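K.L.:
Numbering (the numbering used here), first residue to last: 0 to 39.
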């Protein structure tokens with residue numbers, strides 16, 4: 000069974016990293032917009 004799930008995991012891992020990276024990028028961009036608005 001492991002030989003079935005391993006290729007799928009290797010295929011899915013880059014997608015997971017991309018999703019997490021995009022989410023953190025979104026948070027960083029959101030904070031970059033919110034923080035100047037608060038300080039002003």
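Note that CB positions come from ideal geometry on N, CA and C, so glycine has one too. Only a predicted model underlies this, so the values are computations on that prediction, with no experimental measurement involved.
Note down the Cα distance separating residue 128 from residue 17, rounded to an integer number of angstroms.
P.N.:
Any answer about residue 128 is impossible in this case: the structure gives the chain only from 0 up to 39.
K.L.:
Excluding sequence positions up to five away, which residues of its chain have a Cβ less than 6 Å from the Cβ of residue 28?
P.N.:
Hits under 6 Å: none found.
K.L.:
If you draw a straight line from the C-alpha of residue 25 to the C-alpha of residue 14, how long is it?
P.N.:
Whole-angstrom Cα-Cα distance: 16 Å.
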